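Residue numbers (my numbering): 7 to 88.
The beta carbon of each residue, even a glycine, is placed where N, CA and C say it ideally should be.
No experiment lies behind these values; they were computed from the predicted model shown.
Below is one structure, written out as structure tokens; comments come after it.
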């Protein structure tokens, strides 16, 4: 099972490392057997999970801007929720 890590940098490292693994699995694609194609498809699905964990981690580690302003003005530093 692919687990989300606590730190953004750890999730980024996992995504990048697995991306290289997927690229290597794709090498020689025109000659892949049905079994090799299935392995690559599974790796791509796993890569999507890693990307989802990375996106979630990024969102958890960035300040959220309060967009509920009635005036429609550009958010100020006081609108940032930490």
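query: CA-to-CA distance, residue 10 to residue 66, given in whole angstroms; result: 12 Å
query: Range covered by the alpha helix (DSSP H) that runs through residue 27; result: 14-32
query: Alpha helix (DSSP H) segment containing residue 65, residue limits; result: 40-66
query: Beta-carbon proximity list for residue 49, same chain, < 6 Å, skipping 5 on both sides; result: 28 and 31
query: Alpha-carbon spacing of residue 40 relative to residue 17, whole angstroms; result: 31 Å
query: Test item: CB-CB of residue 14 and residue 56 under 8 Å; result: no
query: CA nearest to the CA of residue 25, picked from 70, 69, 51 and 68; result: 51
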